[in-house]
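Quick notes on the structure that follows.
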Amino acid sequence: MSDEHAHHTNYVKIWGILLVLLVISVLGPMLEIRAVTLITAFGIACVKAFMVAKNFMHLNLAPRFVTYLVVTGLVFMLLFFAGTAPDVMQNEGMGWEKPAWKQAAIEHAAGATGGHAEHH
Amino acid sequence: MRPIATTRSAAGLPTGLLAVWWVVVSEIVIFGGLLASYIMHRLAHDAWTEQAAHTNTWIGAFNTFVLLTSSLTAVLGHQAAEQGNGRKAARFLWMTVGGATTFVAVKAFEWTTEIQAGYTLTSSTFWSFYYTAAGLHALHVIAGAIIMIFVATDAAKNRELHRVELIGIYWHFVDIVWIFLFPLLYIAK
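Protein sequence lines correspond, in order, to chains A and B.
Each residue of the first sequence is one higher than the one before, counting from 65 in our numbering.
Each residue of the second sequence is one higher than the one before, counting from 345 in our numbering.
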């Protein structure tokens with residue numbers, strides 16, 4: 065952290081903002097609205113992570129190649145997701161299926177319906 | 345005599361700093377893979393939502409507060425080290441170690457409660473992921489705290505102050521991992 069700018073960062077203020085964001089991320093999902101949950105829980109998580117990386121880890125003051133290294137790690141994570149998600153997230157495709165998973169999904173759906181009926 | 349590795353700067357930043365960033369990027373792939381797997385399974389299986397409903401949001405939120413605060417003390421320690429004040433840097437690092445200890449103690453209490461309620465590593469795939477992800481993270485917290493004790497001990501004697509920044513970067517990364525684990529394991533229900 066050789067840059068003069070870093071010495072002027074108000075770390076306590078950044079911490080205060082992070083705590084406010086934490087409170088919002090806990091309260092937001094209590095509304096039980098899917099869009100609000102996604103934004104307050106995961107959107108705010110991204111904002112908090114960016115704030116920590118920028119202000120506490122001083123990523124913006126490190127040589128540019130460090131940012132490229134970090135982005136490369138994230139890209140590999142996304143490649144992993146894209147490469148395996150079609151298999152993990154589906155129970156069947158062209159010429160293949162996962163009988164045990166399909167059966168479990170049917171049983172879960174039946175159980176949910178049954179449980180729902182009992183409440184009525 | 346200072347070790348050569350801490351003084352050369354072929355990459356435009358001290359080698360120790362480069363090494364820590366290298367560790368962080370490796371960890372992104374490790375934790376990223378784990379979290380990506382979790383997200384895939386969570387989206388594919390509705391039953392996971394019911395399992396996740398049993399995690400304690402308030403305990404997770406408290407531990408998030410603890411880690412965010414420990415990140416603050418870590419960066420204040422770094423600031424003190426930049427100013428050449430080793431004793432002050434060491435004090436802040438000890439506070440960070442206190443945060444790590446609190447985090448692990450709360451996690452131990454939380455896991456004990458969950459295991460007593462019957463939610464174990466083998467209860468379901470959700471709980472397997474829960475204990476694996478949170479456990480791997482807790483191991484990183486413990487490792488960071490142990491390293492920090494050594495760095496703080498040296499810093500108190502005004503020795504190797506550059507290491508305060510190095511352990512700080514690692515610690516902030518551990519904080520970031522938890523920032524994502526918290527909504528995934530405790531909030532999305």
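Positions of the beta carbon are idealized from the N, C-alpha and C atoms, including for glycine.
Just so you know, these numbers come straight off a predicted model, no measurement behind them.
Query, Result
"Assuming Ala-391 of chain B contacts Ala-434 of chain B under a Cβ cut-off of 8 Å, what Cβ separation, rounded to an integer in Å, is found between them?", "Actually they do not touch by this definition, with Cβ atoms about 49 Å apart."
"Taking Cβ positions, are Leu-411 of chain B and Asp-519 of chain B nearer each other than 7 Å?", "yes"
"Near Thr-104 of chain A, which residues of its chain fall below 7 Å by C-beta distance, leaving aside the five closest residues on each side in sequence?", "Ile-88, Ser-89, Gly-92 and Pro-93"
"Pull up the distance between the alpha-carbon of Ala-149 of chain A and that of Glu-394 of chain B, whole angstroms please.", "22 Å"
"If you draw a straight line from the C-alpha of Thr-417 of chain B to the C-alpha of Trp-515 of chain B, how long is it?", "11 Å"
"From what residue to what residue does the alpha helix (DSSP H) around Arg-503 of chain B run?", "That residue, Arg-503 of chain B, is in no alpha helix (DSSP H); it is neither H nor E in DSSP."
"If the criterion is Cβ atoms closer than 7 Å, does the pair Val-450 of chain B and Asn-400 of chain B meet it?", "no"
"Report yes if the CB atom of Gly-376 of chain B is closer than 7 Å to the CB atom of Met-153 of chain A, and no otherwise.", "no"
"In chain order, what residues of the same chain have a beta carbon less than 7 Å from the beta carbon of His-183 of chain A, not counting five sequence neighbours either side?", "Residue placement at His-183 of chain A is poorly supported in this model, since its pLDDT is 34, which falls under 50; the coordinates are not used for a value here."
"Taking DSSP as the reference, what is the three-state secondary structure of Glu-371 of chain B?", "helix"
"Using a Cβ-Cβ cut-off of less than 9 Å, list which residues of the stretch 413-444 of chain B approach chain A; keep chain order.", "Thr-413, Ser-415, Leu-416, Ala-418, Val-419, Leu-420, His-422, Gln-423, Glu-426 and Gln-427"
"So Pro-527 of chain B contacts chain A; which residues on that side make the cut at Cβ distance below 7 Å?", "Ser-89, Ala-105, Phe-106 and Ala-109"
"Would you call Gln-427 of chain B buried or exposed, if buried means 16 or more other Cβ atoms sit within 10 Å of its Cβ?", "exposed"
"Hey, out of B:His-484, B:Phe-473 and B:Ile-493, whose CA is closest to Arg-386 of chain B's CA?", "B:Phe-473"
"Output, in chain order, the set of chain B residues within a Cβ distance shorter than 8 Å of Lys-113 of chain A.", "Lys is not the amino acid found at residue 113 of chain A; the sequence shown has Ala there. Near Ala-113 of chain A (Cβ distances below 8 Å), the residues of chain B are Ile-520, Ile-523 and Phe-524."
"Let me see if you follow: with CB-CB separation under 7 Å, is Ala-388 of chain B close to chain A or not?", "yes"
"Using 10 angstroms around the beta-carbon of Ala-444 of chain B, count the other beta-carbons present and answer buried if the total reaches 16, otherwise exposed.", "buried"
"DSSP beta-bridge partners for Gly-157 of chain A?", "A:Trp-160"
"Counting only beta-carbon atoms, is Gly-462 of chain B nearer than 7 Å to chain A?", "no"
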